[in-house]
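Below is one structure, written out as structure tokens; the observations come after it.
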Amino acid sequence: MKPEATTPLAPWRPRAPPRPRPRLREDIVARPDISDSPDDWWRSAVIYQIYPRSFADADGDGVGDLAGITSRLEALADLGVDAIWVSPFYRSPQKDAGYDVADFCDVDPVFGTLDDADALIARTHELGMRIVVDIVPNHSSDQHAWFQAALAAPPHSAARARYIFRDGRGDSGELPPNTWQSVFGGPAWTRVIEADGTPGQWYLHLFDSTQPDLDWTQEQVREDFDAILRFWLDRGVDGFRVDVAHGLVKEEGLPDYTDEQLIAASIGDTTAPSPHFGQEGVHEIWRRWRAVLERYGADRILVAEAWVEPLTRMALWARRDEMHQAFNFGYLMTPWDSGALRAVIDASLDAFSRVGAPSTWVLSNHDVVRHATRLGLADVPPLGHGVGRDTPGLPETEHGVRRGRAATLLMLGLPGGAYLYQGEELGLPEALDIPAQARQDPAWFRTGGERYGRDGCRVPIPWEAQAPGFGFSPTGASWLPQPDAWGRFARDAQRGVPGSTLEMYRSALALRADLALGTGDFAWVDAPPGVIAFDNGATRIVTNMTGEPVTLQDPLLAGEVLLASTPLEGSFEPDSTVWIRRA
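Numbering (our numbering), first residue to last: 1121 to 1703.
Here is the structure:
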């Protein structure tokens, strides 16, 4: 039974023991059973993000699904990741690709069924990996039963109290309650038509108008989400990635705030206080969630999507009684510059160590331009704006992929946890040539096409070079068009090919585990300007950002080469990273 507001919480029960692992294909390295891994596995884990719509489509309708994910899990075991993180697959009208949830305790038919979710969880564990699922507590879909009840109820009723409804300003309430603007563009308030047919109250939506914000000052809302967490923990998930974890609590009185201030605050600029993001009250919520997870064992985790700066403030989300990790967006947004990267690495290691947490490292996700393109741009557009063919300064594909590979080896050489985004192990660049009529991101529509949005990083990934839809779908259907040139990035075109991006990732993850880089001791090494060099235990990681080759006879490079992002043929080329076992 799905937990409803009036339903008592189900009794806690311990997790069932893992099912016996099936025999894997001979070309897959068997991974240890998760029951043998330590409770703090997350401190050094490599976690792979799956965006369900674009990972694998089993039924041929052009939209990825849970059965498709399950069918491709062996490829992730082969890659060598410790866990997967699955973006929302809940019942939804799909106005924002599943981040508009209509039922937090059911699977949308486009993705499958609860039985498919159970099969995915079981198979992930059988392959020795863990599974973290997305949860979206800041808002629901306007189609959720809670919001439909709120619309049907009168102003100032208990049903409306679940959401942030307010009377309008002006002589007849014709003006929004304040000046807040949506992160997706346009006003953050929408006025409803009451049951008698007259214009009535306004409701807040910091994102799309189909995503009304919940009111987390209400105990009922908190109890609802306690039950939702327990629903999925009882099914065996290993944790939650929490969407908009810096949101939920709004400043009392909802003071006016400009569009420019909101966009800046949404990406962590805290030069002016934000009434929507990073309010102190959110920390009380995460302590409550942590207590729920602790009842299921010390190995369940919470991961914060918290767009706040500076890093010392972001680390507050990862205190010992709150979340286990917070995405390091400061690192993700740092340009390809040795001084800037060194500074953010120092700041990250210092800030997270102060709260007893490991730093995390991430280069790409479903909301940002893929790093194989982004790191080659002279001017990176603001978060959510995206890029297209007419964006100034686009890098050549080969140049972008080269720099992306170097950035990946630099990142995976750092101690702490690391996150990968589906397709980056193939070297996928941003998809640029998406026709206007094929675009799906609400930001594209809410800005009249002024922002490309996030579609370019969400295009379905290629599996087989010669198959329909590059193996994404048996029919060749694809909810976003795949670039014709993506056949060369397909997994089967790279598997077993020395020097391919896929093989570089496989080697890096295997070495990272063997050398214990995730829990290693970090120390900077003196290097020329434009070169980053550090030791992680007995391994030296060197990245050349100078624009000029470095001689291999340089003492900095003394030792056994373990892995390099580009071939070492007489020199260490620009935009390259090398791992060395020190002499």
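C-beta: ideal position from N, C-alpha, C; glycine also.
Non-local beta-carbon contacts of G1537 in its own chain, meaning distances under 8 Å to residues more than five positions away in sequence, involve W1162, R1163, S1164, A1165, V1166, I1167, Q1445, P1478, S1479, T1480, W1481, G1638 in chain order.
When secondary structure is reduced to three states using DSSP, L1622 falls in the helix class.
Judged by DSSP in its simplified three-state form, A1633 adopts helix. Y1541 is bridged by DSSP to Q1169. In the DSSP assignment, H1259 forms a beta bridge with D1333. For N1448, the CB contacts under 7 Å within the same chain, skipping 5 residues up- and downstream, are S1468, S1479, T1480, W1481, V1482 in chain order. Under the 10 Å beta carbon count, I1251 is surrounded by 16 or more other beta carbons and is classified as buried.
Of the residues E1545, G1401, R1574, the one whose Cα lies closest to the Cα of I1554 is R1574.
The three-state secondary structure of R1342, taken from DSSP, is helix. Put simply, the backbone Cα of A1187 is about 11 Å away from that of I1241. In the three-state reduction of the DSSP assignment, S1458 falls in the helix class, which pools H, G and I. DSSP, read as helix, strand or coil, puts L1532 in helix. Beta-bridge partners of A1424 (DSSP): V1362, A1446. Sequence-distant Cβ neighbours of G1591 in its own chain, meaning closer than 6 Å and more than five residues away, are W1583, E1584.
The C-alpha of R1566 is placed about 7 Å away from the C-alpha of G1306.
Within the segment 1215-1251, the runs of alpha helix (DSSP H) at least 4 residues long that lie entirely inside it are, in chain order, 1234-1246. Checking the DSSP bridge columns, you'll see S1691 partnered with T1671. The continuous stretches of beta strand (DSSP E) do not include F1565, which lies in the alpha helix (DSSP H) extending over residues 1562-1566. An exposed status is given to T1378, since fewer than 16 other beta-carbon atoms sit within 10 Å of its beta-carbon. Between the alpha carbons of E1194 and F1397 lies a distance of about 39 Å. According to DSSP, S1696 shares a beta bridge with N1664. In the three-state DSSP reduction, V1464 falls in the helix class (H, G or I). Segment contact: the segment 1670-1681 against the segment 1506-1524, fewer than three CB-CB distances shorter than 8 Å; contact not assigned. E1414 sits exposed, since fewer than 16 C-beta atoms from the chains shown fall within 10 Å of its C-beta.
Leaving aside the five residues that flank F1472 on each side, the residues in its chain whose CB is nearer than 7 Å to its CB run, in chain order, A1435, A1438, P1478, S1479. V1579 is positioned such that its CB atom lies closer than 9 Å to that of P1603.
Partner residues in the beta bridge of F1642, as assigned by DSSP, are N1656. In the three-state DSSP reduction, Y1323 falls in the strand class (E or B). Your pair G1547 and G1524 checks out as a contact, with CB atoms roughly 6 Å apart and the cut at 8 Å. Nearest to G1690 by alpha-carbon distance, out of L1672, W1205, V1681, S1696, is L1672. Beta-bridge analysis with DSSP links Y1283 to L1334.
Taking the Cα of I1204 as reference, the smallest distance to any Cα among I1170, G1180, A1269 is reached at I1170.
By the neighbour-count criterion, in which 16 or more other beta carbons inside 10 Å mark a residue as buried, V1617 falls on the exposed side. Just so you know, the alpha carbons of G1290 and W1322 end up roughly 13 Å apart. Selection S1593, I1652, P1395, R1632 evaluated against T1299 yields P1395 as nearest (Cα-Cα).
By the CB criterion at 9 Å, D1220 and Y1283 fall outside the cutoff.
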